[in-house]
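Going line by line, the protein sequences match chains A and B.
Under our numbering, think of the first position of the first sequence as 1, with each following residue one higher.
Under our numbering, think of the first position of the second sequence as 1001, with each following residue one higher.
For reference, the structure is listed below as structure tokens.
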Amino acid sequence: MNTGEHEETSDLTPLGYPRRLLAPGQTYASVTETITSIPLARQPPRAWYYCFAAAFLLLMLLLVAVTWLLVKGVGIWGINIPVAWGFAIVNFVWWIGIGHAGTFISAILLLLFQQWRTAINRLTEAMTLFAVACAGLFPLLHLGRPWVFWWILPYPDTMGLWPQFRSPLVWDVFAVSTYFTVSLLFWYLGLLPDLATVRDKADTPGRKRIYGILALGWRGSALHWQRHQSAYLLLAGLATPLVISVHSVVSFDFSVAIVPGWHSTIFPPYFVAGAIYSGFAMVLNIVIPIRKLYGLEGLITPRYLNNMANVMLVTGEIVAYGYFIEAFMAWFGGDKFDAYMMYNRAFGPYGWVFWSLMGLNVVIPQALWSRRVRRNPLLLFLVALSINIGMWVERFVIVITSLHRDFTPSAWGMYIPTVWDWATLAGTIGLFLTLLFLFIRFLPIISISETRELLSEEAKTAA
Amino acid sequence: MRTASATYGLIAEFESPAQLLEAAALARERGYREMDGYTPFPVEGLPEALGRKRTRVPLIVLVGGICGGVGGYFMQWYANVISYPLNIGGRPLNSWPLFIPITFELTILCAALSGFFGSLVMNRLPQPYHPVFGAPNFERASIDHFFLCIEAADPMFDPIVTHAFLTALDPLSVSEVET
């Protein structure tokens, strides 16, 4: 990355990072121009078309897979008894975990005054929304009869029934739908002033009108800003415990059951750490190509990449500790079913999956201790990719190896994913990427007003 | 029907947030009350300089959250104790620890919804048209310039005196905003 290094600015923090986040020479107008030029360009870069076409093809694959599922039923998947939770749940947990980094960056880092979130929070919030949309599909499709999904919602129905409010699966419905709604509100609230900027910069009447409608008539009034900032901060404050609760509730789906390998109190913190871990990996997998493609190196400086790598390193160690404690407790707890589960996980028929998990998720990420890796976009991209795949494999190990050998050997079975399992997984990646590329094309991917604010603060400290 | 009352106010354009802050403070000192700043990002201290008090958004969020929490718990209690009680192994019908996750989620959901819609309603958005949009160069209020508008509704407002006052603040321009 040619424009990457800004170390020459003498002003360094005690830890040796540049005090300024933004590259020198940026002004309010230049920041606005750089960011709005993407949605307002006549033509997106050629690479955008290729990426979008590939994503759209995968989305069509999802359409086929879901249609066939609705026609034939969940039998087209590899699920059986004892492995009733196959890819659907693996993918659900994986996608929802990816979403968590978005909320973490936009809400928790906002409350902690971490200004380095500014250049990436919009993109990661969008990532959250799209990931949660993909996640939400799986439990619905797994219902078997998705067309009556609203039976899990509480409403005064003619059958006189209520959902089972004591079940973690119903908690999930509330947690995930709340998460999606709050993420959407938070994202749109932050987007509002930027939509007004795009409206004011737009050069055709059609664009002026569309962005004008979306901006709701925002005019940057001081009084409006005051309420906007208050609401934004409060939403961040609300999203913070929410994001912790969502993956905790997801982990309750497992840990409230008595299945060996699931029934463990370490699950909520270990799931939340894993979620943030994979989420940051996904952010890096998205941000590194985009900053290159659109020349945003001056706004998304290597320091951002370095900080994200640091978060991955910390959460990665927590996850590794979780793996260790699972194995330790299986031995120390003295429960023979637990001990067998752990032995079977490592040396049973799915042993190779377990060891690839260790390689992808524990060994390879140790490269992040090296500052050179953290600051090299290509290497960082590869490590992040390894973590993303590793976290998917982790959920596979948790779901499948815990289920496939039931308490009685007569009930043992194997789970082999079918082509439709893979097609649905690939299809949701298509859905995610299609939404992401549309977002990149049509909306400001970096918060313009927050970048200006950061610029004004940096100018103040410099003066 | 274009009379003297067709003026919405006078608007001055500044280059930096510091200039706008100073101008707002001076205008307030002069006794102007009906005025507003228009800025491309939230300028710290500007609402106070314009004499705005704290916002009531937090109160709305609090009330929304309490309603969501109480309503959420009530729903589960009503379903399990009143509407469809099921005795399973003699366990209590009102098993409150298991009702906490949904109570929590609904607290957050209602608080967030009231914060979002509350702030929009208080800001009277969506509002597709506003007189200041007609001010020359106003599109830069969302890019890089900082505006102060003293409204004609202010009792102190006088087209000539206010114009002279704003011009003395060394703005880039002073223009009239028509309704």
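Glycine included, C-beta positions come from ideal geometry on N, C-alpha and C.
Model, not experiment: these values are computed from the prediction.
Through-space distance from residue j to residue i, alpha-carbon basis
i	j	result
G97/A	D1036/B	43 Å
H6/A	T240/A	Summary for H6/A: the model assigns pLDDT 44, below 50, so the residue's position carries little reliability; its value from the coordinates is reported in the next sentence. Distance between the alpha carbons of H6/A and T240/A: 32 Å.
F180/A	G1031/B	47 Å
L379/A	P156/A	55 Å
Y188/A	L1120/B	12 Å
T3/A	G333/A	Because T3/A carries a pLDDT of 40, less than 50, the predicted location of this residue cannot be relied on, and the following value inherits that uncertainty. If you take the alpha carbons of T3/A and G333/A, they lie about 55 Å apart.
S1016/B	E458/A	14 Å
V71/A	R145/A	11 Å
A1165/B	P1159/B	The question names Ala, yet the displayed sequence has Phe at residue 1165/B. Going by the C-alpha atoms only, they are around 10 Å apart.
L197/A	I445/A	The sequence shown places Thr at residue 197/A, rather than the Leu named in the question. Their Cα atoms are separated by approximately 13 Å.
N307/A	D203/A	37 Å
F1147/B	F1014/B	6 Å
Y340/A	V249/A	27 Å
H404/A	N310/A	36 Å
Y1129/B	I1060/B	27 Å
L57/A	L141/A	21 Å
A101/A	P1136/B	42 Å
R122/A	T103/A	10 Å
W420/A	Q26/A	50 Å
G1115/B	W355/A	47 Å
T265/A	I258/A	12 Å
P1042/B	H1163/B	26 Å
V314/A	I288/A	20 Å
F252/A	Q164/A	15 Å
A1012/B	L1172/B	7 Å
G427/A	L1106/B	32 Å
S106/A	I1088/B	44 Å
Buried or exposed (CB count within 10 angstroms, at least 16 for buried), residue i
i	result
P1097/B	exposed
V272/A	buried
F328/A	exposed
I448/A	buried
T434/A	buried
I35/A	buried
F481/A	A question about residue 481/A goes unanswered here, because the residues of chain A that appear run from 1 up to 463.
Y50/A	exposed
S1175/B	buried
M60/A	exposed
L1086/B	exposed
M127/A	buried
E8/A	Confidence is the limiting factor: at E8/A the pLDDT is only 42, short of 50, which leaves the residue's position unreliable and the question unanswerable from this model.
V246/A	buried
R1054/B	exposed
N1094/B	exposed
T67/A	exposed
S37/A	exposed
V148/A	exposed
Segment limits, beta strand (DSSP E) that includes residue i
i	result
A1012/B	T1007 to F1014
P1177/B	First, the amino acid is wrong: residue 1177/B is Val here, not Pro. S1173 to E1178 is the extent of the beta strand (DSSP E) around V1177/B.
G1037/B	M1035 to Y1038
E1151/B	F1146 to E1151
Distance CB(residue i)-CB(residue j) smaller than 8 Å
i	j	result
L1021/B	G1045/B	yes
A1049/B	A1025/B	yes
V182/A	L1109/B	yes
L454/A	K201/A	no
Y304/A	W116/A	yes
P268/A	D338/A	no
G471/A	Y415/A	Examination of residue 471/A is not possible in this model, given that chain A is present from 1 through 463 alone.
T418/A	I89/A	no
E1151/B	Y1038/B	no
V132/A	I152/A	no
V383/A	P365/A	yes
T451/A	L299/A	yes
A281/A	N376/A	no
Residue i: first and last residue of the uninterrupted alpha helix (DSSP H) it sits in
i	result
M1122/B	W1096 to M1122
I213/A	P205 to A215
F92/A	F87 to T103
S278/A	F267 to L293
K201/A	P168 to K201
D253/A	A222 to S255
R117/A	Note, R117/A: premise wrong, no alpha helix (DSSP H); not H, not E.
G351/A	G351 to L357
Below 8 Å between beta carbons is the criterion; list the residues of the stretch 1111-1125 of chain B that meet it against any residue of chain A, in chain order.
Hits within the stretch, in order: A1111, A1112, L1113, G1115, F1116, G1118, S1119, L1120, M1122, N1123 and L1125.
What are the residues in the stretch 1098-1109 of chain B lying within 8 Å of chain A by C-beta distance?
Those would be L1098, F1099, P1101, I1102, F1104, E1105, L1106, I1108 and L1109, in chain order.
Note down, in chain order, all residues in the stretch 88-105 of chain A with a beta-carbon under 8 Å from any beta-carbon belonging to chain B.
Those would be none; no residue qualifies.
Below 7 Å between beta carbons is the criterion; list the residues of the stretch 1022-1040 of chain B that meet it against any residue of chain A, in chain order.
Listed in sequence order: D1036, G1037, Y1038, T1039 and P1040.
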